[in-house]
Amino acid sequence: MPAASIAADLLAIITPSHDNPFFKAEAEGAAAKAKELGFEPLLLVHDDDANKQSQLIDTAIARGAKAIVLDNAGAAATTAAVQKAKDAKIPSFLIDREINESGVAVAQIVSNNYQGAQLGAEEFVKLMGEKGPYAELVGKESDTNAGIRSGGYKDVLDQYPDLKRVAQQSANWSQTEAFEKMQTILQANPEIKGVISGNDTMAMGAWAALEAAGRTDVIVVGFDGSNDVRDSIMKGGIKATVLQPAYRQAQLAVEQAKQYLDTGKASGEEKQLMDCILVNKDNAGKLETFALKD
1 MPAASIAADL LAIITPSHDN PFFKAEAEGA AAKAKELGFE PLLLVHDDDA NKQSQLIDTA
61 IARGAKAIVL DNAGAAATTA AVQKAKDAKI PSFLIDREIN ESGVAVAQIV SNNYQGAQLG
121 AEEFVKLMGE KGPYAELVGK ESDTNAGIRS GGYKDVLDQY PDLKRVAQQS ANWSQTEAFE
181 KMQTILQANP EIKGVISGND TMAMGAWAAL EAAGRTDVIV VGFDGSNDVR DSIMKGGIKA
241 TVLQPAYRQA QLAVEQAKQY LDTGKASGEE KQLMDCILVN KDNAGKLETF ALKD
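Position 215 (the sequence shown) corresponds to 215 in the UniProt record's numbering; numbering is contiguous.
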């Protein structure tokens with residue numbers, strides 16, 4: 001049989017919706033590396049729905065995937081799905097969001113969300129001059145990262161007694177929801193001077209609401225390192241974000257999947273933390289698709 005007619009090993013890449021540029025970058029990074037290493041990438045989207053995620057893992061098993069790269073649909077709901085793949089002899093490599101159990105996935109490669117949140121909060125403190133009323137927009141409550149980032153913010157901001165959090169609301173990582181929540185927060189707290197957000201998508205929604213209300217004096221800080229927020233920073237809108245290396249993280253997962261399949265051995269510790277980088281007006285020009293270019 002000619003070599004060209006032999007199907008490449010299938011690698012399932014399962015993420016939340018590609019409508020969010022962060023998850024799109026993950027999928028594209030993993031797919032590019034998969035092709036480079038001789039895999040056939042199968043891109044699937046669970047839309048943060050744990051039932052759909054479970055069905056997609058069934059699909060990966062049925063299609064004979066050699067490995068799964070997964071940005072999961074909630075820590076508590078994911079363990080059983082990943083265990084199901086493991087029982088079918090398909091190793092999973094988690095990116096971005098960790099699960100609560102060890103020994104189910106081969107690797108969990110995640111951003112150091114606590115370190116990143118502290119970086120963002122420290123910059124927020126400087127921008128606010130260490131004082132004033134502010135609001136926090138929190139991500140989806142089922143997502144471990146939302147809680148870790150919020151905790152990282154709190155541990156820094158609580159050290160400054162003149163910084164007063166007047167509102168804290170979940171906008172579920174959504175730009176539209178953040179726009180609406182920001183409008184409500186502004187009506188109740190017209191004196192607000194800052195907004196710290198659990199991700200860039202919500203930061204963009206908050207900024208749009210502030211612009212619509214003529215409140216471009218309000219300081220907004222995000223988290224992710226999206227091109228949209230980069231552009232806003234360069235135009236003097238949103239002030240800062242925290243870059244988590246989504247593209248590289250996804251590529252690393254594929255590299256580790258390849259090594260594991262070739263050798264039967266994991267590349268290192270299961271839990272692997274990648275540090276985040278502060279992005280502000282000083283380095284925003286180097287940011288492109290969740291990576292800083294030289």
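Quick reminder that beta carbons are idealized off the backbone N, C-alpha and C, glycines included. Treat the numbers as computed from the prediction; the structure is a model and nothing was measured.
6 Å Cβ shell around residue i - same chain, five flanking residues per side excluded
{"i": "D228", "result": "M204"}
{"i": "E177", "result": "A171"}
{"i": "K181", "result": "Q169 and A171"}
{"i": "I6", "result": "In this prediction, I6 has a pLDDT of 46, which is less than 50 and means its spatial position is unreliable; what the coordinates show is noted afterwards. Result list for I6: empty, nothing under 6 Å."}
{"i": "K258", "result": "L37"}
{"i": "D9", "result": "F39 and K66"}
{"i": "Y153", "result": "A117, A121 and I196"}
{"i": "A60", "result": "A12 and I68"}
Cβ-Cβ distance between residue i and residue j below 7 Å
{"i": "Q251", "j": "G74", "result": "no"}
{"i": "K281", "j": "L127", "result": "no"}
{"i": "A62", "j": "L11", "result": "no"}
{"i": "L243", "j": "V279", "result": "yes"}
{"i": "residue 325", "j": "Q249", "result": "Residue 325 cannot be examined here, being either before or after the span of the chain that is shown, 1 to 294."}
{"i": "I109", "j": "V69", "result": "no"}
{"i": "A246", "j": "V195", "result": "no"}
{"i": "V156", "j": "A121", "result": "yes"}
{"i": "A291", "j": "F93", "result": "no"}
{"i": "G139", "j": "G198", "result": "yes"}
{"i": "D275", "j": "Q175", "result": "no"}
{"i": "I219", "j": "A284", "result": "no"}
{"i": "S102", "j": "E269", "result": "no"}
{"i": "V104", "j": "P91", "result": "no"}
{"i": "W207", "j": "G237", "result": "yes"}
Contacting residues, own chain, Cβ-Cβ under 8 Å from residue i (five flanking each side not counted)
{"i": "D294", "result": "K286"}
{"i": "N20", "result": "W173 and T201"}
For residue i: DSSP bridge partner residues
{"i": "G194", "result": "Y134 and I219"}
{"i": "F39", "result": "D9"}
{"i": "A167", "result": "A135"}
{"i": "A67", "result": "L11"}
{"i": "V45", "result": "T15"}
{"i": "I277", "result": "L243"}
{"i": "L287", "result": "L292"}
Other residues of its chain near residue i: CB distance less than 7 Å, five sequence neighbours each side excluded
{"i": "A3", "result": "Only weak support is given to the placement of A3: the predicted model assigns it a pLDDT of 42, under 50, and the question is left unresolved by the model."}
{"i": "M1", "result": "Legend: pLDDT at M1 = 36, less than 50; position of this residue unreliable, value from coordinates given subsequently. Within the same chain, M1 has no close Cβ partners at all."}
{"i": "H46", "result": "I14, P16, K52, Q53, L56 and A73"}
{"i": "H18", "result": "K24, A27 and V45"}
{"i": "E141", "result": "S170"}
Nearest candidate by alpha-carbon position, reference residue i, set the options
{"i": "F22", "options": "D49, F223 and I185", "result": "F223"}
{"i": "T191", "options": "K164, S226 and R230", "result": "With the sequence shown as reference, residue 191 is identified as Glu, and Thr is not the correct amino acid for it. Ranking the options by Cα distance to E191, first place goes to K164."}
{"i": "L210", "options": "I185, M234, I233 and A60", "result": "I185"}
{"i": "L119", "options": "R149, A76 and N145", "result": "R149"}
{"i": "A117", "options": "A105, G147 and S102", "result": "G147"}
{"i": "Y160", "options": "G132, A107 and T144", "result": "G132"}
{"i": "F39", "options": "D71, G64, T59 and N145", "result": "G64"}
{"i": "D49", "options": "A81, A105, Q175 and V138", "result": "A81"}
{"i": "S111", "options": "A32, A85 and G225", "result": "G225"}
{"i": "E98", "options": "D143, D217 and F124", "result": "D143"}
{"i": "V125", "options": "R230, K193 and K265", "result": "K193"}
{"i": "S267", "options": "L261, Q256 and E130", "result": "Q256"}
{"i": "residue 360", "options": "D87, L42 and I277", "result": "Nothing about residue 360 can be read from this structure; the chain reaches only from 1 to 294."}
{"i": "L261", "options": "K89, Q83, R215 and P41", "result": "K89"}
{"i": "N100", "options": "K86, R230 and A76", "result": "A76"}
{"i": "G129", "options": "D162, K265, K86 and R215", "result": "D162"}
CB contact below 7 Å: residue i versus chain C
{"i": "I238", "result": "Any reference to chain C falls outside this structure, which holds one protein chain only."}
Start-end ranges of the beta strand (DSSP E) lying completely within the segment 202-273, minimum 3 residues
219-221 and 241-243
Enumerate, from N- to C-terminal direction, the unbroken beta strand (DSSP E) stretches of 3 or more residues contained entirely within the segment 87-135.
92-95 and 107-111
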